[in-house]
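In the numbering used here, the protein residues as written are 10 to 264. Glycine residues also receive a C-beta, built at the ideal position from the N, C-alpha and C atoms. First up is the structure itself, then whatever we jot down about it.
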Amino acid sequence: RDYIFEGYYIYAGIVSLIGIVAFLYSLILKSAKLTTYQIKSITIKNKNVYDLKMIPMNRPLRFKAGQFAFFRFHNKRLSREFHPFSISSPSNSYEIRIIIKSLGDFTSKLGTLQVGDKVSVEGPYGEFTIKDKYSDMIWIGAGIGITPFIGMTKDIVNEKYSRSITLYYCAKTNEEFIGMNEFKKIEDESKNNFKLIQWCSNQKGHISLNDIKEITKLTKIYICGPGPFKNSMMKQLKRNKIPKENIYKEDFEFK
């Protein structure tokens with residue numbers, strides 16, 4: 010008591026009140042971002058890639074193409090934890106689509122999922138979205154990092170973007186490419202605003218910024234893929250003195 014300064018109890022009360030209000034706010038905010046979906050279809054591609062489509066059981070999620078959300082699958086054989094995955098649907102689609110590659114740990118058990126399983130969805134989160142539909146863009150997707158670009162390409166047609174977008178889709182083998190029919194259809198429908206470049210590293214070697222520069226003028230650049238791939242591209246962009254404000258990348262990874 011000798012060390013309690015005058016007005017201590019008022020100060021402690023204010024700090025406690027701020028903490029309680031902050032907790033309640035975060036609780037309410039999280040509840041506002043939480044909704045429930047049901048698995049409508051499950052398509053397995055290349056034996057280890059799961060293409061899930063879900064429909065809302067109450068209110069649909071409002072999101073921008075390229076964002077991600079946290080998903081909890083109500084299946085007895087899967088953990089009760091929420092896990093982050095990119096949304097592969099166009100902006101504010103009624104259905105939510107996510108494409109997940111089995112890489113280990115949680116994702117290796119996705120084969121137990123069934124049509125009709127409930128899914129709690131919290132989100133959306135992330136800033137990996139189209140910032141300016143009037144600017145030319147280069148999109149670089151490697152492996153399963155192609156998933157956010159699937160919904161973003163559909164926005165090109167739906168929202169009638171007026172600038173050119175070039176998507177470099179990189180995979181190790183031809184068998185690992187997913188969604189190629191969708192990309193090619195959008196390329197046909199976009200009236201030359203969207204160009205797809207398929208890059209198989211087993212045939213052409215790992216793509217470099219020099220390879221891209223030979224084909225496309227460097228503009229605003231979006232990158233999504235495995236950590237080593239992104240790190241390599243970021244180093245090359247830095248060496249070429251590409252302004253940071255012209256580079257957008259998706260940073261979370263999950264297995």
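Whose C-beta lies closer than 6 Å to the C-beta of Ile-216 among residues of the same chain, with five residues either side of it excluded? So the list reads Cys-179 and Trp-208, once near-sequence residues are dropped.
Taking the CB atoms as reference points, tell me whether Glu-104 and Met-63 lie closer together than 8 Å. For Glu-104 and Met-63, yes; Cβs fall inside 8 Å.
Locate the beta strand (DSSP E) running through Gly-150, then write down its first and last residues. Segment 146 to 151, the beta strand (DSSP E) holding Gly-150.
Determine the closest residue to Gln-76 out of Lys-244, Glu-191, Lys-110 and Gly-135, with distance taken between C-alpha atoms. Residue Gly-135 is the option with its Cα nearest to Gln-76.
Under 8 Å, with one C-beta from each stretch per pair, do the region 238 to 253 and the region 218 to 230 reach the 3-pair mark? A contact between stretches requires three or more CB pairs, one per stretch, nearer than 8 Å, and the region 238 to 253 meets this requirement with the region 218 to 230.
Note down, one range per segment and in chain order, each beta strand (DSSP E) of at least 3 residues found wholly within the region 158 to 209. Listed in chain order, they are 174 to 180 and 203 to 209.
Alpha carbon to alpha carbon, how far is Lys-194 from Thr-52? Going from the Cα of Lys-194 to the Cα of Thr-52 covers about 20 Å.
Confirm the yes/no value for this check: CB of Ser-210, any heavy atom of the ligand PLP, distance under 7 Å. The ligand content of the structure shown is nil, which means the ligand PLP is not present either.
Report buried or exposed for Val-124, applying the criterion of at least 16 other Cβ atoms within 10 angstroms of its Cβ. Exposed.
Can you tell me where the alpha helix (DSSP H) with Ser-241 in it begins and where it stops? First-last of the alpha helix (DSSP H) with Ser-241: 236 to 248.
What's the call for Met-146, buried or exposed, on a 16-neighbour Cβ count within 10 Å? Buried.
Given a threshold of 16 other Cβ atoms within 10 Å of its Cβ, counted over all protein chains shown, does Val-128 qualify as buried or as exposed? Buried, because 16 or more other Cβ atoms sit within 10 Å of the Cβ of Val-128.
Roughly how many angstroms separate the alpha carbons of Lys-169 and Leu-61, rounded to a whole number? Cα to Cα, the separation comes out at about 27 Å.
Proximal residues to Leu-43 (C-beta, below 6 Å), its chain only, five neighbours per side dropped: For Leu-43, where only same-chain residues beyond five positions count, the Cβ hits under 6 Å are Glu-131.
Let's test the definition: count the other Cβ atoms within 10 Å of the Cβ of Ala-78 and tell me whether it reaches 16, buried, or not, exposed. Counting Cβ neighbours within 10 Å, Ala-78 comes out buried, since at least 16 surround it.
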